[in-house]
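In my numbering, the protein residues as written are 38 to 112.
Ideal Cβ positions, reconstructed from N, Cα and C, are used throughout, including at glycine.
The next block holds one structure in the form of structure tokens; read it before the comments.
Spelled out as structure tokens, the structure:
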């Protein structure tokens, strides 16, 4: 759930739907971030806001997680 109701700098643009989305990669934050963008675009969202980057160290290596809120909007 998101508290985003409008799009900054576009006062007439209303958020029509939003969804928490995430992606991870064992390679890099870049790979995880671009994966996050792909998930949002395939879901019909126009932007991802509030993006966070988390590095998770495990016994078998490091994983890079990226998550944020995907939003679709109406102008």
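Exercise for the section: Can you tell me which of 77, 75, 101 puts its alpha carbon nearest to the alpha carbon of residue 93? Expected result: Taking only the C-alpha atoms, the option nearest residue 93 is 101.
Practice task
Name the two residues that bound the continuous beta strand (DSSP E) containing residue 111.
Solution key: Looking at the DSSP string, the run of the beta strand (DSSP E) that includes residue 111 is 98–111.
Problem - Identified DSSP bridge partners for residue 84 - result: DSSP, once it has assigned bridges, lists 108 as partnering residue 84.
Problem - Where residue 68 sits in the DSSP three-state scheme - result: In the structure shown, residue 68 sits in a helix (DSSP, three-state: H, G or I).
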